[in-house]
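Q: Supplied in structure tokens, the structure appears directly below.
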Amino acid sequence: MTELDRGAVPARRAGAQESLPWEDVLSRPAVEAAPLVLGTVLTVRTPDGGAGGVPGEVAVRLTEVEAYSGETDPGSHAYRGLTARTAPMFEHGGRLYVYFTYGMHWCANLVCGTAGSASALLLRAGEVVSGVDVARARRPAARADRDLARGPARLAQALGLTGADSGLELAVGGRAELTPGERVDPALVRTGPRVGVAGAGGDGAVFPWRFWIDGEPTVSVYRPAVPRRR
DNA sequence: CGTGCGATATTCT
DNA sequence: GAATATCGCACGC
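Under this note's numbering, think of the first position of the first sequence as 1482, with each following residue one higher.
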């Protein structure tokens, strides 16, 4: 296992962000792409309404992501091989993988790596930088603006993403688009264990595969994985 | 502010 | 049949 596999990403790597187009960044493994994706802006245009039926355009500046590494990662949906659901994860980076969980929530990933590698970044949180009105209409439960995309299911809902968007390729001017944001100080990039993933805390190996921008009010609250009680 | 718990349906075993 | 990459509300401090 390499240093990158352990999540020990050199801070310097995050510095080159603004000079790298997303095509290059997202063709790398998720653990490597994660610090570079922080601070970029994901724009989703849903004239048909998308989730919740509210049409419009919302842009989110990504402040927190988690890396999932396919066949070597027990926490990854792709761990047990290719299925109809996880098919987009096995394709080349630069598209979305959206899944349904807990009976009611959609969560969105940015697929990373090359075809066959099953690597992705779960989009855990972001700051809504445009389309705040649309996001608020989709998320009436949100108290403050900072809660609009604070948490993976909230972020997907604010952007109007559902399973219908899984596999969607990012494209300039398309339904989904990723653009560089303001430069993120590499010293502010933090790493820690993933949220809500069995094996990510306490028992056995813990990998710092969660990445976030320190000091951001939109970063979601950390919760260790808790086995469901019955 | 923090902890606890129910809702809910797809996916894979 | 069991588990789930979660959220929001209720309640107690």
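Beta carbons are placed, not taken as given, at the ideal position from N, Cα and C, and that holds for glycine.
Rounding to the nearest angstrom, what Cα-Cα distance links Thr-1643 and Ala-1548 in this structure?
A: Start at 1 with the first residue of the first sequence, and residue 1643 comes out as number 162. Start at 1 with the first residue of the first sequence, and residue 1548 comes out as number 67. Near 20 Å, if we compare the C-alpha coordinates of Ala-1548 and Thr-1643.
Q: Give me, in chain order, the residues of the same chain whose beta-carbon lies closer than 8 Å to that of Ala-1596; leave out the 5 immediate sequence neighbours on both sides.
A: Here the question's residue 1596 lines up with position 115 in the first sequence. Only Phe-1571, Glu-1572, His-1573 meet the Cβ criterion.
Q: Just the Cα atoms here: how many angstroms apart are Arg-1526 and Gly-1673?
A: Reading the first sequence from its first residue, position 45 is the one you call residue 1526. Reading the first sequence from its first residue, position 192 is the one you call residue 1673. Going from the Cα of Arg-1526 to the Cα of Gly-1673 covers about 32 Å.
Q: Can the beta-carbon of Ala-1639 be found closer than 8 Å to that of Ala-1630?
A: Numbered from its first residue, the first sequence carries residue 1639 at position 158. Numbered from its first residue, the first sequence carries residue 1630 at position 149. In this structure, Ala-1630 lies closer than 8 Å to Ala-1639 by Cβ.
Q: Is it a yes or a no for the stretch 1601 to 1612 touching the stretch 1541 to 1561, going by three-plus beta-carbon pairs under 8 Å?
A: The stretch 1601 to 1612 vs the stretch 1541 to 1561: in contact.
Q: Roughly how many angstroms lie between the CA atoms of Ala-1728 and Leu-1651, to the nearest whole one?
A: Here the chain has residues from 1482 to 1711 only, and residue 1728 is not among them.
Q: Tell me the start and end of each unbroken beta strand (DSSP E) in the stretch 1574 to 1639 that is at least 3 residues and wholly inside, in chain order.
A: As far as the stretch 1574 to 1639 is concerned, its whole beta strand (DSSP E) runs of at least 3 residues are 1577 to 1582, 1586 to 1593, 1600 to 1611.
Q: Here's the rule I'm using: 16 or more other beta-carbon atoms within 10 Å means buried, otherwise exposed. How should Arg-1664 be labelled?
A: As a working mapping, residue 1664 is identified with position 183 in the first sequence. Label assigned to Arg-1664: exposed.
Q: Looking at the secondary structure, which residues open and close the alpha helix (DSSP H) in which Ala-1511 lies?
A: As a working mapping, residue 1511 is identified with position 30 in the first sequence. Its alpha helix (DSSP H) spans residues 1511 to 1518.
Q: Mind reading off the beta-carbon distance from Ala-1601 to Leu-1636? Whole number of angstroms is fine, and I expect it under 8 Å.
A: Translated into the one-based positions of the first sequence, residue 1601 becomes position 120. Translated into the one-based positions of the first sequence, residue 1636 becomes position 155. 15 Å between Cβ atoms; not a contact.
Q: Alpha helix (DSSP H) containing Val-1506: first to last residue?
A: Reading the first sequence from its first residue, position 25 is the one you call residue 1506. Here the alpha helix (DSSP H) through Val-1506 covers 1503 to 1506.
Q: Does DSSP put Gly-1696 in a helix, a strand or coil?
A: Position 215 of the first sequence holds residue 1696. Note: Gly-1696 maps to coil in three-state DSSP.
Q: Could you pull the DSSP bridge partners for Glu-1658 from this structure?
A: Taking the first sequence and counting its residues from 1, one reaches residue 1658 at position 177. Glu-1658 pairs with Thr-1524.
Q: Could you give the DSSP three-state label for Gly-1673: helix, strand or coil?
A: Counted from its first residue, the first sequence places residue 1673 at position 192. Strand.
Q: Between the C-alpha atoms of Gly-1534 and Ala-1645, what's the straight-line distance to the nearest angstrom?
A: The sequence position of residue 1534 within the first sequence is 53, counting from 1. The sequence position of residue 1645 within the first sequence is 164, counting from 1. Cα to Cα, Gly-1534 sits roughly 13 Å from Ala-1645.
Q: Compare the beta carbon distance of Pro-1510 and Ser-1550 with 8 Å and say whether it is the shorter of the two.
A: If you number the first sequence from 1, residue 1510 lands on position 29. If you number the first sequence from 1, residue 1550 lands on position 69. Taking 8 Å as the Cβ cut-off, Pro-1510 and Ser-1550 qualify as a contacting pair.
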